[in-house]
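Only one structure is covered here, and it is reproduced in the block below.
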Amino acid sequence: MSAAELTSGVDAPKGKKKPKGHPWDWHVEPPWVVQALIDALPVNYFDGQVVYDPCCGLGTIPTVFANPNRYEVIGSDRYQRADHRFPFFKSDFRTLSAEDIIFSAGFNREAVSIVSNFPYSKQAGKLERGLAAELCRKSLEVATHKVCALLPLKWLAGEGKHRFLTEFPARFYIVLNERPSMPPGNKIEQLGAKAFKRGKVDYMWVVWDKQVTTLPGETRVIHIAPRPKEERG
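What follows is the structure, encoded as structure tokens:
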């Protein structure tokens, strides 16, 4: 079953002009972006933890963590957008309490890390400022170990971000020096081979580690080199 079939009739707000991009800000990361995160962090950084993606979309993040990296994974989303080969449950991550999320997922509360490509600008076609920060804050409430958020590099700038990142200092900023293409999930089939080519936006992973005390100003920046041209397709 295709992503378009699974999400048919639920993605576009009724009676409204179709917005640019995706109305729920559902954009799909290529697998290499997820593997780059894993490779950039210390060896065994996620060992013994359940890796949970609360906005899993097509399931790229849980899939890469599970295969070939062999981590236990769980995913959820507002809609089921694919036939997932990992445990999945429907949920609105913004409204459920941490206890409800753990109960719904049925995973071990003692070792939970959240890794996600969060929506950061729109919900139901409407602009929502501070959306990504809200989801990061919620993740820091739910997770016991790590939170890794894939975000545009420009997300770091601004007075609100300064306050947030001073209150919750990140352990790592992992900068992708190759711009990944992140097409709207409902346009991938239409775009075909062009879907994951020619990224136009700079992205980074912001990584919080709740097992380590990180003070403001101690965040480590890691730059990920572009892949060889022959690997980019």
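Take the sequence shown: its letters are residues 0 to 232, numbered as in numbering that gives the first Met the number 0.
All C-beta atoms, glycine included, are put in the ideal place defined by N, C-alpha and C.
Where does residue i fall in DSSP's three states?
i	result
residue 27	coil
residue 188	helix
residue 159	helix
residue 55	coil
residue 90	coil
residue 138	helix
residue 208	strand
residue 200	coil
residue 36	helix
residue 126	strand
residue 228	helix
Return the first residue and the last residue of the beta strand (DSSP E) that residue i is part of.
i	result
residue 64	No beta strand (DSSP E) contains residue 64, which is instead part of the alpha helix (DSSP H) from 59-65.
residue 145	145-151
residue 219	219-223
residue 172	171-175
residue 114	111-115
To which residues of the same chain is residue i closer than 8 Å at the C-beta, ignoring the five residues directly before and after it?
i	result
residue 211	170
residue 190	182
residue 111	48, 49, 51, 101, 141, 142, 143 and 144
residue 235	Residue 235 lies beyond the range of the chain shown here (0 to 232); nothing can be said about it.
residue 159	129 and 132
Mind checking which residues open and close the alpha helix (DSSP H) that includes residue i?
i	result
residue 71	It is not in any alpha helix (DSSP H) - residue 71 instead sits in the beta strand (DSSP E) that spans 71-76.
Residues in its own chain within less than 6 Å of residue i by CB, not counting five upstream and five downstream?
i	result
residue 163	132
residue 20	183
residue 213	168 and 170
residue 25	56 and 184
Counting C-beta neighbours from all protein chains within 10 Å, is the total for residue i 16 or more, i.e. buried, or is it exposed?
i	result
residue 2	Note on residue 2: pLDDT 40, under 50, position unreliable in the model; the coordinate value appears next. By the neighbour-count rule (16 or more Cβ atoms within 10 Å), residue 2 is buried.
residue 42	exposed
residue 217	exposed
residue 225	exposed
residue 96	exposed
residue 192	exposed
residue 157	exposed
residue 200	exposed
residue 137	buried
residue 179	buried
residue 219	exposed
residue 134	buried
residue 67	exposed
residue 99	exposed
residue 215	exposed
Near residue i, what residues of its chain come up, given a Cβ to Cβ distance below 7 Å and the 5 sequence neighbours on each side ignored?
i	result
residue 46	none
residue 223	35, 39, 173, 174, 175 and 176
residue 27	56, 57, 59, 181, 182, 184 and 187
residue 65	72 and 85
residue 203	150, 152, 172, 173, 174 and 175
residue 197	180
residue 63	30, 33 and 34
residue 70	45, 50 and 64
residue 91	77
Within 8 Å (strictly less), CB to CB, does residue i reach chain B?
i	result
residue 124	The structure shown has no chain B; it contains just one protein chain.
Contact the segment 199-209 vs the segment 142-161: 3+ CB pairs below 8 Å: yes
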